[in-house]
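A.B. asks: There's a structure below that I have some questions on.
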Amino acid sequence: MEIEIMTDLTQENPDLSNEYWAAFQSLTNTRLNILWVPGNEYSTKLDLVLASGDIPEVVFGREHNKPTLINAIRQGAFWDLTPFLGDFSRYPNLRDNMTPGAWSYVRVDDKIMGIPRSRSLIDSGLKIRKDWLERLELPVPTTMDEYKETLIAIANGDPDGNGMDDTIGLAIGPEPDPSLQAAFGVYNPTYDEAGGLMYNYLTPQFTQLVGWLRELYAAGALPDEFAALNGTQLSDMIESGRAASFNYAIYRDYSWTNEIRKVQPEGQLITLPPMRGPNGDYAASLDIGTRGAHHISKKVSREKVEAILQYFERTASAELTDFAYYGKEGVHYNVSDNGEKVLTELGREQMNVNTLSPITPSYTRWGKVIAPEAPQAWNEEKKLEAAPYEELGVIDPFRYLISDTWIEAWPKYSAELESMWVKAISGKISMQEYEECVEKIKRDPQIQKAFQEFAADLSNRNPANDDADSESMRPG
1 MEIEIMTDLT
11 QENPDLSNEY
21 WAAFQSLTNT
31 RLNILWVPGN
41 EYSTKLDLVL
51 ASGDIPEVVF
61 GREHNKPTLI
71 NAIRQGAFWD
81 LTPFLGDFSR
91 YPNLRDNMTP
101 GAWSYVRVDD
111 KIMGIPRSRS
121 LIDSGLKIRK
131 DWLERLELPV
141 PTTMDEYKET
151 LIAIANGDPD
161 GNGMDDTIGL
171 AIGPEPDPSL
181 QAAFGVYNPT
191 YDEAGGLMYN
201 YLTPQFTQLV
211 GWLRELYAAG
221 ALPDEFAALN
231 GTQLSDMIES
241 GRAASFNYAI
251 YRDYSWTNEI
261 RKVQPEGQLI
271 TLPPMRGPNG
281 DYAASLDIGT
291 RGAHHISKKV
301 SREKVEAILQ
311 YFERTASAEL
321 TDFAYYGKEG
331 VHYNVSDNGE
341 KVLTELGREQ
351 MNVNTLSPIT
361 PSYTRWGKVI
371 APEAPQAWNE
381 EKKLEAAPYE
391 ELGVIDPFRY
401 LISDTWIEAW
411 PKYSAELESM
421 WVKAISGKIS
431 MQEYEECVEK
441 IKRDPQIQKA
451 FQEFAADLSN
461 RNPANDDADS
471 ESMRPG
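And the structure:
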């Protein structure tokens, strides 16, 4: 069966005729026609595809509540999968192997409108150059205040010894990273006087975070041009040995340390333990456990919908998920005497995050913590280091909450607010001016109405009570 899939691409465009993809298509009895779109361009491309009406058979939606996607769903562009899935008795892997709570996030108007792309809850963390801490005789920070002072010390301390003032403390783009927001309590549901659930960026906690970043910028610890940087540019700052800290998936510690050592042989990148924030929260954000969802175009026949669902049912098995991580034994990996899967040179070349993009894998607790190419001992140590994230981490509820009024009202303010917090961080306006902008937005009756809708949606949408899940998600 041929399946046309549009999905995102985070590394080089893969050859679907190579050893991995040929074996995968054989195992799933499919011929995949994949439209790969670079990750930095995906949101714009999806908007164009939805507007054109020429929608591929399967479309990956990276954000569950993306306004253009919600509108397309409500206009009938995609199949309602509720009657196909029924009680999930024909789809035991999709029923039992998904991340806890996953099926709640793909509901729109109480209809299942996509297949969640399951992923780990533990994902990103704030990284730091451990070798630079040691060189400058700095302790590992345990609080956000200590972290701030550490970044300032590194940025001004010439840790690479090149005699130049060119070290970046924290590689950050225009939007503060999830770990930072978690540390300041931004993800804690915060209500206005009328009981409305305030959007993250309009909370006092987010304003406090803006002020914290303002101090870092003034001290020279952030990139001058942070507002214009994308994810690729930020990760390059770490890999090239120019930045001390960055927020990203924990498993990258291994490969990025190897990249850093090409230019700085003593380099060592670690993920910091969850640091305590100023309000008692921790720098530990959990993913919602899905990287978006696969949506099936209405142009697909009813019979093919069932066939596509069976494809995802197969990919959600433990066997296919393991295959997506490690490939074929004897080709992509060998098993050592102690039972460790060791990637071959071909495995290191072909096994990467792209292998997970066109599937919905089964839930793996450590999927974003362990690196397939790393030694088993390294991975076991990473699991121990990452475990506190599961205990202390919180989920951003606005990754899945929907408000029709918000979809209509927020575009009037989105660019303005981001511009204002960028100006506040870079010292171009005062914090008072920024706070006045926030209060002005919050006074809009439409925004206040949206807050009420968010509160109602959060109350009604409880992932832990989702019938399709085999266990409950710990509330964030």
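Taken in order, the sequence shown gives residues 1 to 476; the numbers are from UniProt numbering.
C-beta: ideal position from N, C-alpha, C; glycine also.
Which runs of the beta strand (DSSP E) spanning at least 3 residues fall entirely within the segment 259-339, listed in chain order?
C.D. replies: Whole beta strand (DSSP E) segments, 3+ residues: 269-271, 290-296 and 333-335.
A.B. asks: Comparing alpha-carbon positions, which option in Leu9, Ala284 and Met351 lies nearest Asp177?
C.D. replies: Counting from 1 along the sequence shown, the entry for residue 177 is found at position 177. Measuring from the Cα of Asp177, the nearest candidate turns out to be Ala284.
A.B. asks: Ignore the nearest five residues each way along the sequence and tell me which others in Leu81's own chain have a CB closer than 6 Å to its CB.
C.D. replies: As a first step, residue 81 is located in the sequence shown; it is residue number 81 there, counting from the start. Counting only Cβ-Cβ distances below 6 Å, and skipping sequence neighbours, we find Ile112.
A.B. asks: For Gly169 and Pro141, what's the separation of their Cα atoms in angstroms?
C.D. replies: Counting from 1 along the sequence shown, the entry for residue 169 is found at position 169. Counting from 1 along the sequence shown, the entry for residue 141 is found at position 141. Their backbone Cα atoms lie some 14 Å apart in a straight line.
A.B. asks: Does the Cβ of Pro411 have 16 or more other Cβ atoms within 10 Å, making it buried, or fewer, making it exposed?
C.D. replies: Looking up residue 411 in the sequence shown gives position 411. Looking at its Cβ environment, which holds fewer than 16 other Cβ atoms inside 10 Å, Pro411 is exposed.
A.B. asks: So that I know if they touch, is there some Cβ in chain D lying closer than 8 Å to that of Glu19?
C.D. replies: No chain D is part of this structure, which consists of one protein chain only.
A.B. asks: Could you please give me the residues that DSSP links to Arg31 through a beta bridge?
C.D. replies: Indexing the sequence shown from 1 puts residue 31 at position 31. Its beta-bridge partners are Glu2.
A.B. asks: Indicate, with yes or no, if the ligand COA has a heavy atom lying under 7 Å from the CB of Gly277.
C.D. replies: As presented, the structure is devoid of all ligands, the ligand COA included, so that no description of it is given.
A.B. asks: Of all the options Thr7, Ile115 and Ile172, which has the alpha carbon lying nearest to the alpha carbon of Ser245?
C.D. replies: For the purposes of this step, residue 245 is taken as residue 245 along the sequence shown, with counting starting at 1. That would be Ile172, whose Cα lies nearest to the Cα of Ser245.
A.B. asks: Give, in chain order, every unbroken run of the beta strand (DSSP E) that is at least 3 residues long and sits entirely within the segment 192-256.
C.D. replies: You should have 243-249.
A.B. asks: Under a Cβ-count criterion, where at least 16 other Cβ atoms within 10 Å of its own Cβ denotes burial, should Leu384 be classed as buried or exposed?
C.D. replies: As a first step, residue 384 must be located in the sequence shown, where it is residue number 384. It counts as exposed.
A.B. asks: Is the beta carbon of His295 sitting closer than 8 Å to the one on Gly61?
C.D. replies: By one-based count along the sequence shown, residue 295 stands at place 295. By one-based count along the sequence shown, residue 61 stands at place 61. Taking 8 Å as the Cβ cut-off, His295 and Gly61 qualify as a contacting pair.
A.B. asks: Identify every run of the alpha helix (DSSP H) within the segment 65-117, keeping only runs that are complete inside it and at least 4 residues long; order them along the chain.
C.D. replies: Listed in chain order, the complete alpha helix (DSSP H) runs (minimum 4 residues) inside the segment 65-117 are 67-74, 82-85, 92-96 and 102-105.
A.B. asks: Return helix, strand or coil for Phe60, following the three-state DSSP convention.
C.D. replies: By one-based count along the sequence shown, residue 60 stands at place 60. If DSSP states are grouped into helix, strand and coil, Phe60 belongs with the strands.
A.B. asks: Please list, in chain order, all residues of the same chain as Ile55 whose beta carbon is under 7 Å from its beta carbon, the five residues on each side excluded.
C.D. replies: By one-based count along the sequence shown, residue 55 stands at place 55. Here the set comprises Val49, Ala77, Ser297 and Lys299.
A.B. asks: Please report the distance separating the alpha-carbon of Leu9 from that of Pro278.
C.D. replies: Locating residue 9 in the sequence shown gives position 9, where the first residue counts as 1. Locating residue 278 in the sequence shown gives position 278, where the first residue counts as 1. Answer to the nearest angstrom: the Cα atoms are 37 Å apart.
A.B. asks: Looking at C-beta atoms only, is the number of pairs between the segment 407-427 and the segment 368-386 that lie closer than 8 Å three or more?
C.D. replies: Counting Cβ pairs under 8 Å, fewer than three are found: no touch.
A.B. asks: Please determine, among Pro92, Tyr91 and Ser118, the residue with the shortest C-alpha to C-alpha distance to Ser104.
C.D. replies: Here the question's residue 104 lines up with position 104 in the sequence shown. Checking every option, the nearest Cα to that of Ser104 belongs to Ser118.
A.B. asks: Let me know the secondary structure DSSP gives Pro411 once reduced to three states.
C.D. replies: Position 411 of the sequence shown, counted from the first residue, corresponds to residue 411. Here Pro411 sits in helix by DSSP.
A.B. asks: Less than 8 Å between the beta carbons of Tyr282 and Ala387, yes or no?
C.D. replies: Numbered from 1 along the sequence shown, position 282 holds the residue referred to as residue 282. Numbered from 1 along the sequence shown, position 387 holds the residue referred to as residue 387. No, Cβ-Cβ distance for Tyr282 and Ala387 is not below 8 Å.
A.B. asks: Who does Lys127 pair with in a DSSP beta bridge?
C.D. replies: To locate residue 127, count along the sequence shown from 1; it is residue 127. According to DSSP, Lys127 bridges with Phe246 and Thr271.
A.B. asks: Across the segment 313-326 and the segment 352-366, are there enough close Cβ pairs to call them in contact, namely three or more that are closer than 8 Å?
C.D. replies: Flag = yes, the segment 313-326 and the segment 352-366 touch.
A.B. asks: With Ile122 and Leu286 assumed to form a contact (beta carbons below 8 Å), what rounded beta-carbon distance in angstroms separates them?
C.D. replies: By one-based count along the sequence shown, residue 122 stands at place 122. By one-based count along the sequence shown, residue 286 stands at place 286. Confirmed, Cβ separation roughly 7 Å.
A.B. asks: Since Gly169 is in the beta strand (DSSP E), which residue starts that stretch and which ends it?
C.D. replies: As a working mapping, residue 169 is identified with position 169 in the sequence shown. Segment Ile168 to Leu170, the beta strand (DSSP E) holding Gly169.
A.B. asks: What does the alpha-carbon distance come out to for the pair Ile260 and Gly161?
C.D. replies: Within the sequence shown, numbered from 1, the residue matching residue 260 stands at position 260. Within the sequence shown, numbered from 1, the residue matching residue 161 stands at position 161. Each residue's Cα considered, the two are about 15 Å apart.
A.B. asks: Distance check for Gly330 and Ile288, CA to CA, integer angstroms please.
C.D. replies: Walking along the sequence shown from the start, residue 288 turns up at place 288. Walking along the sequence shown from the start, residue 330 turns up at place 330. If I take the Cα positions, the gap works out to 35 Å.
A.B. asks: Of the residues Gly220, Val37 and Glu2, which one's Cα is nearest the Cα of Glu12?
C.D. replies: Your numbering for residue 12 matches position 12 in the sequence shown. The shortest C-alpha separation from Glu12 is found at Val37.
A.B. asks: Suppose you measure from the CA of Asp165 to the CA of Pro159; what does that come to, to the nearest Å?
C.D. replies: Along the sequence shown, one-based indexing puts residue 165 at 165. Along the sequence shown, one-based indexing puts residue 159 at 159. Approximately 10 Å, taken between the alpha carbons.
A.B. asks: Put residue 506 into one of helix, strand or coil per three-state DSSP.
C.D. replies: Here the chain has residues from 1 to 476 only, and residue 506 is not among them.
A.B. asks: To the nearest angstrom, how far is the alpha carbon of Leu202 from that of Lys442?
C.D. replies: Numbered from 1 along the sequence shown, position 202 holds the residue referred to as residue 202. Numbered from 1 along the sequence shown, position 442 holds the residue referred to as residue 442. Spanning the two alpha carbons is a distance of roughly 7 Å.
A.B. asks: Whole angstroms are fine: how far does the CA of Thr30 sit from the CA of Lys243?
C.D. replies: Sequence index remark: in the sequence shown, residue 243 carries index 243 (1-based). Sequence index remark: in the sequence shown, residue 30 carries index 30 (1-based). The displayed chain sequence assigns Ala, not Lys, to residue 243. So the two alpha carbons sit approximately 43 Å from each other.
A.B. asks: Find the nearest neighbour of Arg291 within the set Pro14, Tyr20, Gly101 and Ala228, judged by alpha-carbon distance.
C.D. replies: Working through the sequence shown from its first residue, we reach residue 291 at position 291. Out of Pro14, Tyr20, Gly101 and Ala228, Gly101 has the C-alpha closest to the C-alpha of Arg291.
A.B. asks: Does the segment 188-204 come close enough to the segment 437-457 that 3 or more CB-CB pairs lie under 8 Å?
C.D. replies: Touching, per the Cβ criterion.
A.B. asks: Taking DSSP as the reference, what is the three-state secondary structure of Lys449?
C.D. replies: Numbered from 1 along the sequence shown, position 449 holds the residue referred to as residue 449. Reduced to three states, the DSSP call for Lys449 is helix.
A.B. asks: If I follow the unbroken alpha helix (DSSP H) through Leu46, where does it start and stop?
C.D. replies: Within the sequence shown, the letter at position 46 stands for residue 46. From DSSP, the alpha helix (DSSP H) with Leu46 extends over Tyr42 to Ser52.
A.B. asks: Can Arg129 and Gly267 be called in contact, C-beta distance under 8 Å?
C.D. replies: As a working note, residue 129 is residue 129 in the sequence shown. As a working note, residue 267 is residue 267 in the sequence shown. The answer is yes: Cβ separation under 8 Å.
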